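For reference, the structure is listed below as structure tokens.
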Amino acid sequence: MAEVSLRQQGDTWVLTDEEPDSTEPIVWMAEGKDYAILEAFLDVVPPPLKPETVRNWCKQYGLPSVERRESGTAKACLTVDAFNRHLTYLWDVVRLWRAFDNEDKEQLRELSSQHFGVPASTFDTYNLSQLCDTGRQALARYLDILTRGQLSLVPVFTETGKLALQYQAQTLWSLAMLQLETLCIKPGPAHLLECTACHRSFVGHVNRKYCDHCNRKTIHSRKTRNSQRQARSV
6 MAEVSLRQQG DTWVLTDEEP DSTEPIVWMA EGKDYAILEA FLDVVPPPLK
56 PETVRNWCKQ YGLPSVERRE SGTAKACLTV DAFNRHLTYL WDVVRLWRAF
106 DNEDKEQLRE LSSQHFGVPA STFDTYNLSQ LCDTGRQALA RYLDILTRGQ
156 LSLVPVFTET GKLALQYQAQ TLWSLAMLQL ETLCIKPGPA HLLECTACHR
206 SFVGHVNRKY CDHCNRKTIH SRKTRNSQRQ ARSV
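Once you know that position 49 of the sequence shown is 54 in this note's numbering, the rest is easy, because the numbers rise by one and skip nothing.
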């Protein structure tokens, strides 16, 4: 758990990492199956989050990026507004990728016009499948450009003597975007999915229908309770 404080400065809420600053990079194996940081961003309720909720997230995972340094102590600081901007941006990119993947015209019209400056009429004028193919390629290139320069790739030997590639990131935010890029461009056993029950995004095997919050047993119990409640009301 990170030691993160929360204080209000005028109309702004500021998070401060009270631990001594570390210059050690965050390590992630290129062929790894651990998408914990991306899932941590996707796991919270839709933004904007309340200041205390953001603080609890940062206490568990750390500040996702550094907005400025505290005068005198050089402690890392991040405003709650900046955290919510990061989170909103990530959610929009994920929603856009899913919309391209599912060829969801209504979702594409909404997201593209609101956040990406593409006229909604574009999706009525051109072939939807071709647009989605082009959109996926463009978004993949964009994610690659976004993470370039924020990460370094280092060859290392594993405990078994195998040569592997290791990413080193300076912030949790850049690592989350790298993990998203990996899922979008080179999906393997892990895929970026949408929960059938709550529509939350999560990472899992392509055959999974429910996120961890809505596992099959929970959904079955909920349906059973609803059926019993309806039967009693008749």
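Every residue gets a Cβ at the ideal spot worked out from N, C-alpha and C, and that includes glycine. Bear in mind the structure is a predicted one, so any value in this text is a computation, not a measurement.
Does the Cβ of residue i have 16 or more other Cβ atoms within 10 Å, making it buried, or fewer, making it exposed?
| i | result |
| --- | --- |
| Phe105 | buried |
| Cys203 | exposed |
| Val9 | buried |
| Asp39 | exposed |
| Val59 | buried |
| Tyr131 | exposed |
| Tyr172 | buried |
| His91 | buried |
| Leu168 | exposed |
| Thr139 | exposed |
| Tyr147 | exposed |
| Ser179 | buried |
| Thr187 | buried |
Per DSSP, which one or two residues make a beta bridge with residue i?
| i | result |
| --- | --- |
| Tyr131 | Paired residue(s): none; Tyr131 is not in a bridge. |
| His196 | Gly209 |
| Tyr172 | Trp33, Leu158 |
| Asp22 | Val9 |
| Leu83 | Leu20 |
| Arg73 | Cys82 |
| Gln14 | Thr17 |
Since residue i and residue j should fall inside the 8 Å C-beta cutoff, what is the C-beta to C-beta distance between them, to a whole number of angstroms?
| i | j | result |
| --- | --- | --- |
| Arg64 | Ala7 | Checking the displayed sequence, the identity of residue 64 turns out to be Lys instead of Arg. Indeed they touch by this definition, with Cβ atoms about 5 Å apart. |
| Glu108 | Leu144 | In fact, because the Cβ distance is near 14 Å, the residues do not count as touching under 8 Å. |
| Leu20 | Val85 | 7 Å |
Looking at residue j and residue i, is the spacing between their C-beta atoms short of 8 Å?
| i | j | result |
| --- | --- | --- |
| Leu185 | Val71 | no |
| Ala174 | Trp18 | no |
| Leu101 | Val208 | no |
| Arg205 | His218 | yes |
| Leu68 | Asp22 | yes |
| Leu95 | Glu57 | no |
| Ala125 | Arg114 | yes |
| Leu177 | Ile31 | yes |
| Glu199 | Arg103 | yes |
| Asn89 | Pro51 | no |
| Leu116 | Asp97 | yes |
Requested in this report: Tell me, please, whether the stretch 45 to 56 touches the stretch 155 to 163 by the rule of three or more beta-carbon pairs shorter than 8 Å.
Outcome: No, the stretch 45 to 56 is not in contact with the stretch 155 to 163.
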